[in-house]
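*Asks:* Next up is a structure, given as structure tokens.
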Amino acid sequence: MTSLRHLFLLLAFVTHLSGAEEKRAEFWIDLLMSEPIEEESDLWEDLTSVDVVFVGETHRLARHHRIQVVIAEHLLTSKRPFVLGLEQLEARHQPALDRYAGGQIDFDALAKTIDWKAEWDNYEDYRALLETVREGKGRIVGLNAPREVIRETGKIGVAALKPEQRSLLPETIHTDDPVYERLLNQLLSVHSTFDPKFLKNVFEAQVARDDSMATHLVAALGPPPPQGQPRPIAMTVTGSGHIQFGLGTADRVKWRRPDLEARIVLCSESGDLVLTPMEEAMQRAVQIHHRDVRFIGRPAADYLYVKEQNPKAATK
Numbered sequence: 240m241t242s243l244r245h246l247f248l249l250l251a252f253v254t255h256l257s258g259a260e261e262k263r264a265e266f267w268i269d270l271l272m273s274e275p276i277e278e279e280s281d282l283w284e285d286l287t288s289v290d291v292v293f294v295g296e297t298h299r300l301a302r303h304h305r306i307q308v309v310i311a312e313h314l315l316t317s318k319r320p321f322v323l324g325l326e327q328l329e330a331r332h333q334p335a336l337d338r339y340a341g342g343q344i345d346f347d348a349l350a351k352t353i354d355w356k357a358e359w360d361n362y363e364d365y366r367a368l369l370e371t372v373r374e375g376k377g378r379i380v381g382l383n384a385p386r387e388v389i390r391e392t393g394k395i396g397v398a399a400l401k402p403e404q405r406s407l408l409p410e411t412i413h414t415d416d417p418v419y420e421r422l423l424n425q426l427l428s429v430h431s432t433f434d435p436k437f438l439k440n441v442f443e444a445q446v447a448r449d450d451s452m453a454t455h456l457v458a459a460l461g462p463p464p465p466q467g468q469p470r471p472i473a474m475t476v477t478g479s480g481h482i483q484f485g486l487g488t489a490d491r492v493k494w495r496r497p498d499l500e501a502r503i504v505l506c507s508e509s510g511d512l513v514l515t516p517m518e519e520a521m522q523r524a525v526q527i528h529h530r531d532v533r534f535i536g537r538p539a540a541d542y543l544y545v546k547e548q549n550p551k552a553a554t555k
């Protein structure tokens, strides 16, 4: 089996021979085995055998959206009832999503019906994924809570929500999660405009979203089918922060349905993430290093899709 060190040496040699403008290599790594995957068929065999595949993304990275389509195509070959759950869609839009999946309306009509641009302005990035799932006769499920309720939670906390707002969130919200809270606090430290006194409320908003997404996914999967009938298979697409290290939404699905076998799939940024001037202005000069996340004690994912580092990123 090729070692990771030898693979990177080979990549460096190829880049030297062909020039920096050549296509950057892409490959999968099995993080539990600490090896690149030589036969992709092994990856797909594993992913199609489980109940839930959590796929994390960096929002707006086109490469991440392309691999989502590839994953969905492979999962659809399992011939099991397929469910795609999206953070980018709210659960209250399910009637429109069912009409879309059933072929009654097209993607543009769906986006207009739910005013998707107002809720998620890069919604077009998900067109290919939704069309792939619809063509494969899969179900598409909105996982998210209403954005205004999550926003209000971030300001005042769960306990202070009005009854009509609180009713739109799951009955059980797991706020006692010190490892996840510590990680989130680290991630928030890079934002220059963030006020630390709101950490508790922002964490409650994060887990309210996670518990909402877990609740809606578990509901979409339904109870275990009778013996002899195929178990459904689900794929979720969320920001990586909601599932990495098995925390967030992934943990909350496990707590509700410990019988479900799951895998976590992440994609590298590889220097491709470009911040807007406004986003750059909001960043503090704070970096999170390997040693800062060792306390978690888990790998970030089962599988990582890697693209060779963008040489332009090294010159910034």
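Start counting at 1 in the sequence shown, then tack on 239, and there's your number in the working numbering. Don't be surprised by glycine CBs; every beta carbon is placed ideally from N, CA and C.
Throw me the rounded Cβ distance for the F442 and E420 pair, which I believe falls under 8 Å.
*Replies:* For the purposes of this step, residue 442 is taken as the residue at position 203 of the sequence shown. For the purposes of this step, residue 420 is taken as the residue at position 181 of the sequence shown. Indeed they touch by this definition, with Cβ atoms about 5 Å apart.
*Asks:* Please look up how many angstroms separate the CB atoms of V289 and R491, rounded, as I've assumed it's under 8 Å.
*Replies:* Translated into positions along the sequence shown, residue 289 becomes position 50. Translated into positions along the sequence shown, residue 491 becomes position 252. In fact, because the Cβ distance is near 17 Å, the residues do not count as touching under 8 Å.
*Asks:* Can you give me the Cβ contacts of P409 inside the same chain, cut-off strictly under 7 Å, excluding the 5 residues immediately before and after it?
*Replies:* One-based indexing of the sequence shown puts residue 409 at position 170. Hits under 7 Å: D450, S451, T454.
*Asks:* How many angstroms separate the CA atom of F321 from the CA atom of H332?
*Replies:* The sequence position of residue 321 within the sequence shown is 82, counting from 1. The sequence position of residue 332 within the sequence shown is 93, counting from 1. About 19 Å.
*Asks:* Reducing DSSP to helix, strand and coil, say where Q483 ends up.
*Replies:* Position 244 of the sequence shown, counted from the start, is the residue given in the question as residue 483. Correct three-state label for Q483: helix.
*Asks:* Indicate the three-state DSSP secondary structure (helix, strand or coil) for S431 in the structure shown.
*Replies:* Here residue 431 refers to the residue found at position 192 when the sequence shown is read from its first residue. Residue confidence is low: S431 scores 45 on pLDDT, short of 50, so the model does not pin down where it sits. No coordinate-derived value is stated.
*Asks:* Going straight from the alpha carbon of G324 to that of I379, what length do you get?
*Replies:* Numbered from 1 along the sequence shown, position 85 holds the residue referred to as residue 324. Numbered from 1 along the sequence shown, position 140 holds the residue referred to as residue 379. Spanning the two alpha carbons is a distance of roughly 6 Å.
*Asks:* Report the rounded CA-to-CA distance for V532 versus L271, giving the unit in angstroms.
*Replies:* For the purposes of this step, residue 532 is taken as residue 293 along the sequence shown, with counting starting at 1. For the purposes of this step, residue 271 is taken as residue 32 along the sequence shown, with counting starting at 1. Distance between the alpha carbons of V532 and L271 is about 17 Å.
*Asks:* Is the distance from the Cβ of K546 to the Cβ of R302 below 8 Å?
*Replies:* Stepping through the sequence shown from its first residue, residue 546 is reached at position 307. Stepping through the sequence shown from its first residue, residue 302 is reached at position 63. Yes. Within cutoff.
*Asks:* N424 to K401, Cα distance in whole Å?
*Replies:* Counted from its first residue, the sequence shown places residue 424 at position 185. Counted from its first residue, the sequence shown places residue 401 at position 162. Straight-line measurement puts the Cα of K401 at about 26 Å from the Cα of N424.
*Asks:* Let me know the secondary structure DSSP gives E391 once reduced to three states.
*Replies:* Sequence index remark: in the sequence shown, residue 391 carries index 152 (1-based). Correct three-state label for E391: helix.
*Asks:* Mapping the DSSP letters down to three states, classify N549 as helix, strand or coil.
*Replies:* Position 310 of the sequence shown, counted from the start, is the residue given in the question as residue 549. Coil, per DSSP.
*Asks:* Nearest to V294 by alpha carbon, out of K262, P497, T475?
*Replies:* Locating residue 294 in the sequence shown gives position 55, where the first residue counts as 1. Ranking K262, P497, T475 by Cα distance to V294 puts T475 first.
*Asks:* Please classify S431: is it buried, with 16 or more other beta-carbons within 10 angstroms of its beta-carbon, or exposed?
*Replies:* Taking the first residue of the sequence shown as position 1, residue 431 is located at position 192. Reliability of the predicted coordinates at S431 is poor, the pLDDT of 45 falling under 50, and no value is obtained from them.
*Asks:* Can you tell me where the beta strand (DSSP E) holding W267 begins and where it ends?
*Replies:* Your numbering for residue 267 matches position 28 in the sequence shown. Residues 265-269.
*Asks:* What first and last residue would you give for the beta strand (DSSP E) that runs through R378?
*Replies:* Translated into positions along the sequence shown, residue 378 becomes position 139. Unbroken beta strand (DSSP E) run through R378: 378-383.
*Asks:* Find out if the Cβ-Cβ distance for the pair R495, V457 is shorter than 8 Å.
*Replies:* In the sequence shown, the residue the question calls residue 495 occupies position 256. In the sequence shown, the residue the question calls residue 457 occupies position 218. Contact flag set, yes.
*Asks:* Counting only the same chain and skipping the five closest in sequence on each side, list residues whose C-beta sits under 8 Å from that of N361.
*Replies:* Translated into positions along the sequence shown, residue 361 becomes position 122. Excluding positions up to five away in sequence, the list reads H298, R299.
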